DNA sequence: TTCAATGCAAATATTTTGCAATTCG
DNA sequence: CGAATTGCAAAATATTTGCATTGAA
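Chains as they are written, first to last, in the numbering used here: chain A, 1 to 145; chain B, 146 to 290.
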């Protein structure tokens, strides 16, 4: 998972941001997670390794990571303040309602479909969000225990 | 648009809720709107006709309308605390980024597609969200003025 | 050495809760 | 009448901002 970490730190530097301990701590947690994380969760986890970390720096770092397209916001029934690492290209999210684990999937002709909707409804389409919720295999297995 | 109003009031009554002036004011605004509305916007608009209305009653009424499936929450880049009237069956939302106007569209084989994703990824699919953003024809026209 | 970045505390913004007064049925 | 609902004020949450201090380059 953490192939992302050095890459993200690199990108931050390239965009004129300094590489601080606080940023590294946040990047490490988010880049290395296979689950959706809320700012406060990132704070709690990152703080284990870097106790000086402040919650505000978590918010500020997440903001930059989102701005640079490394992470994206996830919308869930329980709230919309969680993030996941972005994947190259345009992909869609599949989320486990129980544990928050996530995966990406591709929607072949969806782009075309949305363009057609735009023509039909006379909207100039700009973007689309798609998320699918369910229970991942591990959580299904656990439920049967 | 306000074919909904009496229908919603009816449904509230059928579910054991009382028909109060506060509820009527909120229902009238949300049922009659062709745009996405935030709780505070509902409050401001509804208050014009019913000045005694409190913001808390708006929240509480919206909660009930959502619970009974008459309205649904909309997720947007700027926030996720807006609501629209629900449409029968499962439809997807097309939203104008500029004015907040909304329309529904149908996704023919999408259900099947999501089931397939579930099999492939071994997820037990429960629900999906899809929203498309763009600029509606009226706002496009205005931009050229 | 310089200025971006930090962490704290305080300020905002949003939503929820407690409660006495009101009102629907 | 009695219970559900209201609106206010206060509390709880979540996020942002101001600012003196720290630290990366």
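Every residue, glycine too, gets a C-beta built ideally from N, C-alpha and C.
It should be emphasised that the depicted structure is a prediction, and the values quoted were computed from it without experimental measurement.
- Message: Please identify the residue among B:206, B:191 and B:186 whose C-alpha is closest to the C-alpha of residue 163 (chain B).
- Response: B:206
- Based on Cα-Cα distance, which residue from A:11, A:59 and A:127 lies nearest to residue 110 (chain A)? A:127
- Query: Can the beta-carbon of residue 203 (chain B) be found closer than 8 Å to that of residue 245 (chain B)?
  - Reply: no
- Task: Could you list which residues in chain A have their beta carbon closer than 7 Å to that of residue 217 (chain B), in chain order?
- Result: Under the 7 Å cutoff, chain A gives no residues; its nearest Cβ is about 11 Å from residue 217 (chain B).
- Query: Candidates A:129, A:65, A:4 and A:98: which alpha carbon is nearest residue 33 (chain A)'s?
  - Reply: Looking at A:129, A:65, A:4 and A:98, the one whose alpha-carbon comes closest to that of residue 33 (chain A) is A:4.
- Message: Counting only Cβ pairs nearer than 9 Å, list the residues of chain B close to residue 38 (chain A).
- Response: What residue 38 (chain A) touches in chain B: nothing, since even the nearest Cβ is about 14 Å away.
- Residues that residue 96 (chain A) bridges to, as DSSP identifies them: Residue 96 (chain A) is bridged to A:134.
- Query: Going by alpha carbons, who is nearest to residue 112 (chain A) out of B:277, B:262 and B:194?
  - Reply: When the alpha-carbon of residue 112 (chain A) is set against those of B:277, B:262 and B:194, the nearest one is in B:277.
- Task: For residue 47 (chain A), name the three-state secondary structure that DSSP assigns.
- Result: helix
- Message: Just to check my reading of the structure: residue 26 (chain A) and residue 42 (chain A) have Cβ atoms closer than 8 Å, yes? What is that Cβ distance to the nearest angstrom?
- Response: The beta carbons of residue 26 (chain A) and residue 42 (chain A) sit about 6 Å from each other, so the pair counts as a contact at 8 Å.
- Top-ranked residue by Cα proximity to residue 140 (chain A), from A:97, A:23 and A:12: A:97
- For residue 198 (chain B) versus residue 167 (chain B), is the C-beta spacing smaller than 8 Å? yes
- For residue 37 (chain A): DSSP bridge partner residues: A:83
- Beta-bridge partners of residue 102 (chain A), as assigned by DSSP: A:95
- When the cut-off is 8 Å and only beta carbons count, does residue 47 (chain A) lie next to chain B? no
- Task: For residue 79 (chain A), count neighbouring C-beta atoms within 10 Å of its own C-beta (all shown protein chains included) and say buried if the count is 16 or more, exposed if not.
- Result: exposed
- Message: Beta carbons nearer than 8 Å to chain A: which residues of the stretch 196-220 of chain B have them?
- Response: 220
- Query: For residue 71 (chain A), which residues does DSSP report across the bridge?
  - Reply: In the DSSP assignment, residue 71 (chain A) is bridged to A:85.
- Task: Please name the residue in A:115, A:91 and A:116 whose C-alpha comes closest to that of residue 104 (chain A).
- Result: A:91
- Query: Of all the options B:174, B:265 and B:216, which has the alpha carbon lying nearest to the alpha carbon of residue 228 (chain B)?
  - Reply: B:216
- Item | residue 247 (chain B) at chain A interface by Cβ criterion, 8 Å | By this cut-off, residue 247 (chain B) is not an interface position.
- Given that residue 280 (chain B) touches chain A, what residues does it touch there, using C-beta distances under 8 Å? 123, 124 and 126
- Is there at least one Cβ from chain A nearer than 8 Å to residue 241 (chain B)'s Cβ? Interface with chain A (8 Å Cβ-Cβ cutoff): residue 241 (chain B) is included.
- Task: Check each candidate in A:12, A:94, A:55 and A:124 and name the one with the smallest Cα separation from residue 283 (chain B).
- Result: Nearest C-alpha to residue 283 (chain B): A:124.
- For residue 234 (chain B), return the contacting residues in chain A, with the cut-off set at a CB-CB distance below 9 Å. Within 9 Å Cβ-Cβ: nothing; residue 234 (chain B) doesn't reach chain A, min ~16 Å.
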